Amino acid sequence: PIPVPPAPKGYRPAVLAVTGTNSKTTVTALTGQLVERAGKSVAVAGNIGPTLLDTLAAHIDAGTLPEVWVLELSSFQLDGVQGFEPTAATVLNLSQDHLDWHGDMAAYAAAKARIFGARATVVLNRDDAAVMAMRPTPVKLAKGQAHRSVVTFGAGMPLRPGDYGLESLNGMAWLVRALEADETQKRKRGAAAEEEEIFIQRFMPANALRVRGRHNALNALAALALATAAGCQLAPMLYGLREYRGEPHRVDPVAIVDEVEYFDDSKGTNVGATVAALIGLGEERRLVVILGGEGKGQDFAPLADPVRRYARAVVLIGRDAPLIKAALASTGVPLLAAASLPEAVKLAAGRAHPGDAVLLSPACASFDMFKDYAHRAAVFCEAVQDLAETPHGTSGEELA
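The working numbering puts the sequence shown at residues 18 to 417.
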């Protein structure tokens, strides 16, 4: 459970809470940056770094209590929590993870849903059916219905006032928000109008972000929704979006070698994270992806569709390589075997064409071959640097 310390008398900060299977750290860090850019004092705590208790104690000692807290919360922290009432909260996505702890997906989802408390503005990913199932039901009262504020974000166009999305305009994706139409337009439509009149506010092109991929454009929308709920103004937040450089080992550009770009997504330790990375990068170019490790009992079947659509080849490493091979056998994509990560990088380089990307996004934990995901990333980066210094040309052996 979340240890909620007693607040100093009269202290009423905004609290923005973030959870989800993937992208928690990115959205938490980005939200903190947007709040700070908007001129409010902010503290970021939780899984991302110092604990809430440690951070609060430090601020009390320093006499610098922030106006806004941004908290990254795991399903372990949320399981069984009571009395947590943030200003706004989001569940970014849900896919299989930590089922050894929670038992099944229903219990895992129930733990995540506790983040909303009873009064928070609810920020939901409308592309994820399991997340949208958390949408609160309006409470019936004597004078009508009590509505909680619900804001959604997603890859499509927003359809309700206040929602966020992506608009494709002349082949370019824009971050946008739907706003209520001008009152004069509403009057022109008349009382018989059944649909809400909206207009689309364009913020910025997605490719103006320093972080790459569609999934990071969606992360930006979630962060905008949260920071807006804390009263942050739009214009300075857009500067904050452009400045954000991303978190280490999360679709992190490493180098370009022989016109092929290499990306470190070693933090992609579950299937959902790798699916997001494949879709996010694959819409721009063909990919050679390195998969494998300790799978933690996951179902690898969801990898098949994005691999079929975006991958030129797959290189498999680690303990659960045979299980991933079985899940991808029907894709028609070449599957290569490597005994080590440096070997996998060489095989991937041999299969990649100029303009392609090589993506390390294992969809697995690292502890079968490495100390942790950071060690795995370091080995990958060293192997990529070695490519720039030595000729390569092997195309690899396909798995029988």
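All C-beta atoms, glycine included, are put in the ideal place defined by N, C-alpha and C.
Source: prediction; values computed, not measured.
Distance CB(residue i)-CB(residue j) smaller than 8 Å
i: Pro83; j: Pro25; result: no
i: Thr38; j: Asn287; result: yes
i: Val292; j: Phe280; result: no
i: Ala137; j: Pro103; result: yes
i: Tyr327; j: Leu238; result: no
i: Leu95; j: Lys41; result: no
i: Pro359; j: Ala394; result: no
i: Ser283; j: Pro379; result: yes
i: Leu333; j: Lys342; result: yes
i: Arg227; j: Tyr261; result: yes
i: Ala46; j: Cys249; result: no
Closest residue to residue i among the options (Cα-Cα distance)
i: Pro319; options: Leu111, Arg165, Ala240 and Pro265; result: Leu111
i: Thr169; options: Leu186, Ala150, Asn187 and Val59; result: Ala150
i: Glu301; options: Glu260, Thr407, Arg229 and Ala338; result: Arg229
i: Asn233; options: Ala355, Cys398 and Leu298; result: Leu298
i: Phe101; options: Phe133, Val85 and Ala344; result: Phe133
i: Met189; options: Pro270, Ala223 and Ser91; result: Ala223
i: Thr154; options: Asn142, Ala135 and Ala172; result: Ala135
i: Met122; options: Pro323, Asp316 and Asp71; result: Asp316
i: Ala198; options: Ala79, Phe216 and Tyr28; result: Phe216
Anticipated Cβ contact below 8 Å, residue i with residue j, distance rounded
i: Val139; j: Ala106; result: 7 Å
i: Ala195; j: Arg219; result: Incorrect: roughly 11 Å between the Cβ atoms, too far for contact.
i: Leu33; j: Ala247; result: 6 Å
i: Gly349; j: Glu311; result: Not confirmed; about 27 Å, so no contact.
i: Val396; j: Val305; result: So it is not a contact: roughly 17 Å between Cβ atoms.
i: Thr48; j: Ala272; result: That pair is no contact at about 30 Å.
Where residue i falls, given that 16 or more other Cβ within 10 Å makes a residue buried
i: Gln50; result: buried
i: Gly309; result: buried
i: Tyr125; result: buried
i: Arg325; result: exposed
i: Cys398; result: buried
i: Thr201; result: Only weak support is given to the placement of Thr201: the predicted model assigns it a pLDDT of 46, under 50, and the question is left unresolved by the model.
First through last residue of the beta strand (DSSP E) which encompasses residue i
i: Tyr141; result: With the sequence shown as reference, residue 141 is identified as Leu, and Tyr is not the correct amino acid for it. It spans Thr138 to Asn142 - the beta strand (DSSP E) in which Leu141 sits, taken as one unbroken run.
i: Ala272; result: Asp269 to Val274
i: Ala225; result: Run containing Ala225: none; DSSP gives neither H nor E here.
i: Val98; result: Taken as a continuous stretch (DSSP letters only), Val98 belongs to no beta strand (DSSP E), as it is neither H nor E.
i: Val350; result: Segment: none, Val350 is in no beta strand (DSSP E) and carries neither H nor E.
i: Leu376; result: Ala374 to Leu377
i: Glu421; result: A question about residue 421 goes unanswered here, because the residues of the chain that appear run from 18 up to 417.
Extent of the continuous alpha helix (DSSP H) run through residue i
i: Leu6; result: With the chain covering only 18 through 417, there is no way to say anything about residue 6.
i: Phe397; result: Tyr390 to Glu406
Test: residue i CB closer than 8 Å to a CB of chain C
i: Pro155; result: No chain C is present in this structure, which holds just one protein chain.
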